Structure formats: C-alpha cells, structure tokens
Amino acid sequence: MSSVEGLVQRVPSVVDGPAGKRPKRVRLDLAVQAQGLAASRERARALILAGHVLVDGRVADKAGTLIATGARVALMVPEHPYVGRGGVKLQGALEKFAVPLNGRVCLDLGASTGGFTDCLLQHGAARVYAVDVGRGQLDVRLRADLRVTVMERTHALTLTPADFPDRPDLATVDLAFISLAAILPALPPLLTDSGEILALIKPQFEVGRGHVGKGGVVRDPEAHRQVVIKVGRRAAELGLQILGVAPSCLLGPKGNREFFIYLSKSKIGTGLDPEEAAEQAVGGGA
C-alpha cells in the first residue's frame, strides 16, 4: 500500500448526547474539533469548507451549521498532514510522476485553503506563489509562512511575468468552473524555459453542460478519454510535452473522476501522444 492509498479510508466518529434527554445542538466546527478530527477550530473550519466532513453520511460544508450532539460526524478521509484534501491528491501525482521539488519556485493556481501549497512546501519547494480569485481562504499557517506569497483576488489569465520576482519553474493547477484548455495558454510565459505544469483535469468543466450527468458527475469513460485528448492536444499546440497523465488518487467532492496531466516546456526528449496518454490514464494504465 502506498503512502497515499493509506490515507484514502473513511474514519467514523460519533458525538454522543446525554441519554434520555432531548439532543442539544452544537456548531459543526466545534464538534469536529471536540472529536479530535481536527487539531484546532480553524483546521476544522478548513476541513468543513473543503467538503471533507460528513454529518450522518452527508457532506456538510458550513462551519456554523448546528447539529445534534448525537449526530454521526466523520471525515471523508482520515486526517492527513496537509491543510486541505488537495494535498493528498497532489502527493499522489508527485509520487506517480516522480516530480522533483527540492529548491523549486512554484506557482499554485487555485490555491483555496492551501492543500497544494502545503504539499509543495512539505516536499521541498523553496517558494510558492499561492494564487486564487477568492479571498480569505488560505490557511493562516501558510499565510504566515515566509516562503508563501499570497496573491488573492487574482485570476490566472491576468498574470504576467512581472508579477513574479522569482520566476516559477513549476505550476500546479486546481481550478473550478473554467476549462483547463482555456487556461493553459497563459501559463508557459510565466515559467522558466524548462518550466513544468502539473494540472488537474476536471471533466465536468470540459465537456459542456449537456454531457454532465445527475449530481454534476461525468461518468462516461469515453467522455473522460475525449477530455484528456482535448487538453493534451491543446498542450501540444502550445509546444508543451506531455510527460504523463494519470487518474487522481481521490475523486472530486461530488464523485467526479479527475486526472493529473504533467507537462513540460523543455524540448529535450519526446513526450507522449495525447491519444496514447488518454488510453493509459482512462484505461487504467496509471
């Protein structure tokens, strides 16, 4: 079992109320902390915001939700060393592709609570530019880390090389409600000549509304394959090499299958063909 696979297990926890009395109600973030599912109330809030907390088997994403003290509170995955579930996903991709991180300057697009940023730092990154269109989501511990440059209320398409005193040589991407194929052209100019991109492909934002099933989930393997080919071809048009494509070790919050694509600006060697990469990833070759 890999270090990531060991994290992907459901761990239940129960908050019990006094027997024979009408159940009292408690804030969800306090319940998560009280049960030892998070080290602090702030960490509990981050887990809840990221959609990692279940109450009686259903995702609860508001920290202030009042729940009965007898409600079943659980994490979708057990606690892990990152501030967000995204760190587990990224760790899986780093291991799969053997991505070197020591001393690298990284750009994290779609930083949110900071799962990717945290993972990058813990694996040796020297600096991370944490970019997000939102505000106030990044974990306070990462905000205080001198290796992190927080860039909030910033859209990926508005970035220029002048925004980075230290030029990034690796960009990680975890964006929602926008096609990765639409974002890719903006990335190469921001990176060093040998820069790399490790991006999460989310089929639900690539296929169009007509192909998204019930609950916002894309289940058709052929749709997955076509999405990977689409993104791979766009990368090739931009002169990027495909170093690898593989399924994420965790499903998305709604159950969507997602894929990491590993790209390079380097002209050394020969990358994968988009169709070949898609067959490997969707066909279980990861």
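Plus 168 on top of the position in the sequence shown (first one is 1) and you've got this note's numbering. Built from N, CA and C at the ideal position, the CB exists for glycine as well. These numbers come from a predicted model, not from an experiment.
Residue 415: member of the beta strand (DSSP E) spanning 409–415, first to last residue. Distances from the CA of residue 220 to each of 275, 235 and 241 were compared; the closest alpha carbon is that of 241. Here residue 398 is buried. Its C-beta has 16 or more other C-beta atoms within 10 Å. In this chain, residue 285 is not harboured by any beta strand (DSSP E); it is covered by the alpha helix (DSSP H) spanning 283–290.
Along the length of the stretch 340–408, whole alpha helix (DSSP H) runs at least 4 residues long occupy 348–351 and 389–405, reported in chain order.
In this structure the stretch 253–267 lies against the stretch 408–418, because at least three pairs of beta carbons, one per stretch, are closer than 8 Å. In this structure, residue 345 lies away from residue 275, with their beta-carbon atoms at least 9 Å apart. For residue 316, same chain residues with a beta-carbon under 7 Å away, outside a window of 5 residues either side, are 285, 296, 298 and 310 in chain order.
The count of Cβ pairs closer than 8 Å, one atom from the stretch 382–395 and one from the stretch 430–442, stays below three, leaving the stretches out of contact. In this model, residue 429 and residue 293 are separated by some 20 Å (Cα to Cα). When only Cα atoms are considered, residue 353 and residue 402 end up about 8 Å apart. Residue state for residue 326 is assigned as helix, using DSSP reduced to three classes.
Only exposed fits residue 328, as fewer than 16 other CB atoms lie within 10 angstroms of its CB. In the three-state reduction of the DSSP assignment, residue 307 falls in the coil class.
Residue pairing by DSSP places residue 319 opposite 299 in a beta bridge. In the structure shown, residue 235 adopts extended strand secondary structure according to DSSP, grouped into three states.
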